[in-house]
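Notes for the one structure printed next.
6 protein chains.
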Amino acid sequence: MSGHGYDGGRLNLPFTGICTFGKRPYVADWTQIDADVAILGAPFDAGTQWRAGARFGPRAVRDASTLFSFGHAGAYDHEDDATYLGEDVRIVDMGDADIVHTDTLQSHANIRAGVEAALAGGALPVVIGGDHSINIPCIEAFEGHAPFHVLQIDAHLDFVDERHGVTRGHGNPMRRASEKPWVSGLTQLGIRNVSSTAKEGYDDARARGSDILSVRQVRALGPEATAARLPKGAPVYITIDIDAFCPSIAPGTGTPSHGGFLYYDVLEILQKVAQNHQVVGIDLVEVAPDYDPTGSTSILAAQVLMNLLGFVFHARAQQG
Amino acid sequence: MSGHGYDGGRLNLPFTGICTFGKRPYVADWTQIDADVAILGAPFDAGTQWRAGARFGPRAVRDASTLFSFGHAGAYDHEDDATYLGEDVRIVDMGDADIVHTDTLQSHANIRAGVEAALAGGALPVVIGGDHSINIPCIEAFEGHAPFHVLQIDAHLDFVDERHGVTRGHGNPMRRASEKPWVSGLTQLGIRNVSSTAKEGYDDARARGSDILSVRQVRALGPEATAARLPKGAPVYITIDIDAFCPSIAPGTGTPSHGGFLYYDVLEILQKVAQNHQVVGIDLVEVAPDYDPTGSTSILAAQVLMNLLGFVFHARAQQG
Amino acid sequence: MSGHGYDGGRLNLPFTGICTFGKRPYVADWTQIDADVAILGAPFDAGTQWRAGARFGPRAVRDASTLFSFGHAGAYDHEDDATYLGEDVRIVDMGDADIVHTDTLQSHANIRAGVEAALAGGALPVVIGGDHSINIPCIEAFEGHAPFHVLQIDAHLDFVDERHGVTRGHGNPMRRASEKPWVSGLTQLGIRNVSSTAKEGYDDARARGSDILSVRQVRALGPEATAARLPKGAPVYITIDIDAFCPSIAPGTGTPSHGGFLYYDVLEILQKVAQNHQVVGIDLVEVAPDYDPTGSTSILAAQVLMNLLGFVFHARAQQG
Amino acid sequence: MSGHGYDGGRLNLPFTGICTFGKRPYVADWTQIDADVAILGAPFDAGTQWRAGARFGPRAVRDASTLFSFGHAGAYDHEDDATYLGEDVRIVDMGDADIVHTDTLQSHANIRAGVEAALAGGALPVVIGGDHSINIPCIEAFEGHAPFHVLQIDAHLDFVDERHGVTRGHGNPMRRASEKPWVSGLTQLGIRNVSSTAKEGYDDARARGSDILSVRQVRALGPEATAARLPKGAPVYITIDIDAFCPSIAPGTGTPSHGGFLYYDVLEILQKVAQNHQVVGIDLVEVAPDYDPTGSTSILAAQVLMNLLGFVFHARAQQG
Amino acid sequence: MSGHGYDGGRLNLPFTGICTFGKRPYVADWTQIDADVAILGAPFDAGTQWRAGARFGPRAVRDASTLFSFGHAGAYDHEDDATYLGEDVRIVDMGDADIVHTDTLQSHANIRAGVEAALAGGALPVVIGGDHSINIPCIEAFEGHAPFHVLQIDAHLDFVDERHGVTRGHGNPMRRASEKPWVSGLTQLGIRNVSSTAKEGYDDARARGSDILSVRQVRALGPEATAARLPKGAPVYITIDIDAFCPSIAPGTGTPSHGGFLYYDVLEILQKVAQNHQVVGIDLVEVAPDYDPTGSTSILAAQVLMNLLGFVFHARAQQG
Amino acid sequence: MSGHGYDGGRLNLPFTGICTFGKRPYVADWTQIDADVAILGAPFDAGTQWRAGARFGPRAVRDASTLFSFGHAGAYDHEDDATYLGEDVRIVDMGDADIVHTDTLQSHANIRAGVEAALAGGALPVVIGGDHSINIPCIEAFEGHAPFHVLQIDAHLDFVDERHGVTRGHGNPMRRASEKPWVSGLTQLGIRNVSSTAKEGYDDARARGSDILSVRQVRALGPEATAARLPKGAPVYITIDIDAFCPSIAPGTGTPSHGGFLYYDVLEILQKVAQNHQVVGIDLVEVAPDYDPTGSTSILAAQVLMNLLGFVFHARAQQG
């Protein structure tokens, strides 16, 4: 939220300035969105089954994102010989959806409204959770849109249908997504070990056409072949649960699971997917910053989002 | 949960053994409670408006309580020349009420069921939160019982009626209590500074007969005069929000508020109240242990509960 | 940075929204300030002699300030029976002064420019440090203004003239202030124990008319008599080093010093001073949030600033 | 320690309930053990040479183990297409061995008694340390049993004979094991870098037949070939020092050593060993939870123990 | 360990330099001590009954002590108008006694040898623990010296005789001291709440002439009257358990106990005692720095030691 | 700083003793250096652009280095079958360069003086930062020496020429080095992602002959081929920014960057380089210990320095 560029008279070191995402402009009036990307915080964590704290995810990711916002325009990557996210990519920060404690339905409705506003403004919606249940209203906001494929990067399948009446907790979103007519299928990567989804959840998911791969299976395939398993040409919604990553780099999350992805595992899949698919929406969830005093988790989340947005708009620019 | 007493062959240092409250017996079958005190965990924190994490309060307080459980019977206090909580006081741990994420009503119902079970067993219910909303089902569990006065020790008035449909969040419990026919009145101590209760909440509370005192007002009165403001002879339910205390000794909580009570401020009031009133129920809420890496908050909570229970049963023994 | 008021359709819980101070509007263009209060961050910490980290003070204080920003208008204080900081007090957040690493003079110049802009806009400048050296440009920004008295609340005298060439470190600001023609005198409260100021600094300060009181001396006097030592009717600039407070409530600072003020010690002095003096400027420095994982220090800083601003504008309203 | 299964009326989320291992039943009377697995805590850490704190290992691992104890029976692993640790595997928690501070011999004797009790009850003893010296009484408890091979997974050789009179510190256990007639040999995996064992310790170990492999050597071999180096058909006692793992996932330990195993490195070896050998005893040591505020270390320990027990009983079931 | 004084060409900021106590010279050869004060580390913590970690006390207190070591000679205190610990007070750092893990007797013997060396060198021994059991060899080192009184400042009575064979744990030192012919009596201040000493310990202590006062009793008396209870003119050995202090300022300790002393409570007693008694030895124990990420506890310990040494040598100079 | 060797009568566990590097002797008089290696602390962190705190790097690395200093002579590595850093390698600790807060030039001059003193004493200078700007005076100290190649291991290129007047911040050192006639070239390994160096910095670096490789490029080459890219036979100065490593093992740094090196990646390159080149100087920078409560980062830094020094002097011994 500070003018960029050294010419503007500011050195604008990362530790200065108000923490919007990447220090990009804040748009309080959601009817006035005119941007390529609209960032929305969804600080809801009542859907968690172990540690809460993801309500502070949006703030932490915004704070960490400023580390990637030196005063010079765009980020040059020498490996790709590309400058990502220059001035031409217009990113705005919508702030947060309103959360109503003790009321899951209303909180989810408010998140849905935010995503709908982003879509109405023609922007790519990027939602920062909150727990994974916030994916439910994100997907619901696409009601009436053209069908898309969901790419989930996660430790847990999140495919519980209903248990003790719970249908909108953080163990349910992929099941909810699979029920939507506008979701054409799911690719679920990183799934491993014990979770709230029991065997029948896996059976159900597979019955509905899910492609489920563990971390080791993804590594055995490699990023290219993994990305190639997505339906060719399908638009893609990407939902990243930070616990897909190894707790070594993402300990600040509600339900850490060992054996997760390292940074390049995910980066290279995202790069391939962004090159070959239209990305229609993104959420990144389950950053619970207070469980990581080093800040690594928030930095990872911000870095991955920056990378992914860079890939998406680099591909768009390439495709002219 | 280990045999006590050095004669039993164990030194039983605090850091050993399973963490029930005070290492007292666990009673899984709530129809079989036969005890003077029944400890119930209520790990619900979806009612919070700032930091969550009180769901780990019961575990942390139980863990800290073992520090007060050396192998010798009872705790000798040289200031009072009394040995508190000897073998004659039968304390059991009921474990936790079942919590259903995203479902406040069901979670509260389960807490109420636990308190009802404790009461049915003739035990003094002692509930460890969880956020302050868990006081709502605790009070509801006394439906049909003789009226009692509520002593609240807290930074915040918690007297919001309804806002955006929320009636069972952690800003509402004292309002809810005041509505119950079996609650004869409230004394609210430690109230200070900004909170979710606006001016109209204070007006409402006073209109319903609440006696509201700030930390400075309590100190000016002294513990004896403060305790004397409770209606003489009334049975008392005590609800302690750990944020009543100064963040210096209780930083591990959701909404810390500076200027709170120090240890003896509260201890001496509790001692007086226990001497002069029948205590019918206790809850201690809002311990969010992960925000206090020193462990001081949990130790404070356990120490205050041990002290209070000691006072209650010492008074009972005196009164024979 | 979100619309206030429940009527506006948002519950606006503290943990939601972009972190400007108190969620008040951000003014990027410093020539357009039209407000009663202008908040400026001064994230400079190269003046520290022990722990750095105060560069993150502005962010942390802003974040904590949202805890005091529930959706209802103003904060009702039942002890004072007053509602502070209602809609009538127009507060804006200017963001941060630009900092140039390795260049103290340029960084200080940028801070001065910010304070000058606030003054030019007719607003009360409130600067959040950064280390105490940032007080130097803050005072310099008043060049040409009417003389005022400086009230320093601090553990350390900060009266070093020059040592090894250093004149603008965090041990020098009060000396620098005392040299300014527009500073009529200093009252230095809370000073105690060892620091970078040696005996000759105390002698110099007293020779220039400083009134130096320790924590115990202030407590012996009481808040009223302490406040009465300021020159009657003088406009006052207030500089608060968070290490004036006891490390029990403010451990997140560069050079903690035991035996500091507790919350009410300072609160009551500030309330008296605000009632009896025009407050022309405020800075609060040395919050190094990463040294306090509980967040208590940042919350204290935000709470004290909110309290002080409430007192200032309540007094203004009274005086009509 | 709560009834399992959703049919039992509880959702039983991980964060609820008393922390026995996996929420399995507590058996206070060690003469009444009737189970497949008996968990024993051995909270002794006076054998450490750098950071202590492993005395809180048993509590932390029990707490973390509840994350793997959702209400549904058993844990389904989609990679193995197997459900591990269903109701048929009877696990009990014995609580902790009594520890006598300042008295290593007595503390060790009490641990030995616990393991003997588990063995007498026909259960597989699983001991959670405590520092690695607690392996000494664990091995001693097998006196009179059939010979077995020891598989050590560790950063350090722990093969010091005696130094300054110390024979039962955490640098001595493998030497002590190698001296027992009922220990047929050792495989020592993960050994790297500097430790309390000097060159002569390595020479001694090799002279006694130890097979010593570093992390890089194990990786070069792969899990299958590594597992194949154990003597075919030999019963195996597995001792896992958590510092065998990389500090990235196990920083909460006394003497971290960089370059350690990652999760799958160890998992796959354990799976192979469990398939091809009878496992007669297990200990997992050196979890010092207070050095890891993220909780990753305790979660890793619990996860590895759950995995290993799953493999052991899956193999037993396969072999009928 | 750096030359002091700005004339020496160094600014010598606190954060620079090797961490000996106060950056004073290190004396490796204990037969060559020629100083007024000799600092000895006693990093033994196997005597603890709750949290260990006091083994890192000496390092942490040394580190914190450098905060009180600005380049100028001595520390000017404006309240006392005195400069303490100038160049005339010769302080040396002996490093640490050798610790033998698992061997309490040998470790204690090594500590005793260190104190004997300090005494032989004519220096005031100042021992930094380690847990409170290290007071046992400290007192034993005075065997053959003239009798002295022991002033204990502590939360716990530490008067257990023997339990399960333990006689040299951290619950035993005052009992051990009371048995020594060269200890003429004990004053025990700050004692409160539950501990490893049961009622019979209090009876024993009183029978042997101990004067036991709680925090509240000390405060009611005031520092002067409290200090006056020590036998007039008796030489005094001062043992300070950091847990005598309130956990608000000393959370980094093994067994925190709420309701402890604040800084001035202890400071003023120490100042009085130093004025009226010969101080023959000092130990400060139970700083477990890793439980206090803020560093407050270590800073308190260093500050109190600096203050106390200042008082002792100021009194000596006065009495010159 | 304690006598080594068990024969010397001390067990000398790592947690005992004064924290010089490896407990080696402290040399206060820099004109009296007579050693193979001279360790110098450079606790300057005013050059940082995100988190400060590297001023405590030297203390933390020294403290961690004692973990690698068991009483036995040298460290035996079974993988290499070599004992490293035996008594024959004479290492001394020079303490820290004097730092003048707010004065970058003077602080850098003091660091340069320290390195010059080490070189004058014939020792290999090993400088522990501080931020990476301290490399500037380190390289300057070699003025007049024979040309050498610089091997940088880092996440960031640090090749900014000048921006807003800053030429000696932590984004500038490699540019400064490249300007020196006595620097023959640079190999820059680990460079990745966004930093303060924009595209033109890369172009400039390559134009001046830099060989820039990312982590993935290094891994694709392998350690041998990577090391072979250095100019054959050239003397080498090695500068290691700890953020070259993955945040999973080095979170305690100012500007963490995901996707970094793991331990063996760097170890094996260093081993190769040490075998094939004369190493003329070393610095290791950007350890900010307070951001890593686990201590892993400091341990990594100490371990890598120990390893590298071992390789250097092993190679020298081989080459006789």
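Line by line, the protein sequences are chains A, B, C, D, E and F.
For what it's worth, our numbering labels the leading residue of the first sequence as 2, then goes sequentially.
For what it's worth, our numbering labels the leading residue of the second sequence as 2, then goes sequentially.
For what it's worth, our numbering labels the leading residue of the third sequence as 2, then goes sequentially.
For what it's worth, our numbering labels the leading residue of the fourth sequence as 2, then goes sequentially.
For what it's worth, our numbering labels the leading residue of the fifth sequence as 2, then goes sequentially.
For what it's worth, our numbering labels the leading residue of the sixth sequence as 2, then goes sequentially.
Each residue gets a CB set at the ideal place from its N, CA and C atoms; glycine is no exception.
Please read all numbers here as calculations on a predicted model, not as lab measurements.
Contact annotation for F:S297 against chain D: P248, P252, P257 [CB-CB distance below 7 Å, chain order]. Contact note: A:A53 reaches chain B through D46, A53, G54, R56, using a C-beta cutoff of 7 Å and chain order. Taking 9 Å as the cut-off, the Cβ atoms of B:H171 and B:Q304 do not count as close. At a cut-off of 9 Å between C-beta atoms, C:G115 does not count as an interface residue with respect to chain A.
Counted as a single uninterrupted DSSP element, the stretch harbouring E:G123 is not any beta strand (DSSP E), since DSSP gives it neither H nor E. D:D46 is positioned such that its CB atom lies closer than 9 Å to that of D:R56. The C-alpha of A:V62 lies about 5 Å from the C-alpha of A:S299. When the beta-carbon positions are compared, F:D159 and F:P174 come within less than 9 Å of each other.
Note that the C-beta distance between F:L231 and F:L152 is below 9 Å. Residues of chain C with a Cβ closer than 8 Å to the Cβ of E:F16 are, in chain order, Q50, W51, R52. When only Cα atoms are considered, A:E201 and F:A226 end up about 50 Å apart. The secondary-structure analysis by DSSP pairs B:D242 across a beta bridge with B:V286.
Minimum Cα-Cα distance from E:D284 among the listed residues E:R52, E:E88, E:V127, E:W31 corresponds to E:V127.
D:E80 and A:L310 have their C-alpha atoms some 32 Å from each other. The Cβ of B:N111 sits no closer than 9 Å to any Cβ of chain C.
B:P59 and D:H315 have their C-alpha atoms spaced approximately 35 Å apart. Here the region 9–16 of chain F does not lie against the region 240–259 of chain F, with fewer than 3 beta-carbon pairs under 8 Å apart. For a Cβ distance threshold of 9 Å, nothing in chain B lies close to A:G96: the least Cβ distance comes to about 18 Å.
In the structure shown, the three-state DSSP call for B:I92 is strand. With a beta-carbon spacing of about 12 Å, C:V286 and C:G54 fall beyond the 8 Å limit used to define contacts. Against E:E80, the close residues of chain C are R193, S215, R217, Q218, in the order they occur along the chain (beta-carbon pairs closer than 8 Å).
At a cut-off of 9 Å between beta carbons, B:L190 makes no contact with chain C. Residues of the region 127–143 of chain D that bring their beta carbon within less than 9 Å of a beta carbon in chain B are absent altogether.
The region 207–223 of chain D makes contact with the region 176–189 of chain D, as at least three CB pairs between them are under 8 Å.
Burial state of D:L106 is exposed, judged by a 10 Å Cβ sphere holding fewer than 16 other Cβ atoms. Within the same chain, and ignoring the five residues on either side of B:V216 in sequence, the residues whose Cβ sits closer than 7 Å to its Cβ are G191, R193, G260, G261, F262. Boundaries of the alpha helix (DSSP H) around D:G58: 58–66. In terms of CA proximity to F:R113, F:A98 leads the group F:A235, F:G123, F:R176, F:A98. A Cβ-Cβ distance of about 6 Å is found for the pair C:L86 and C:G75, placing them in contact under the 8 Å criterion. Beta-bridge partners assigned by DSSP to C:Y85: C:A76.
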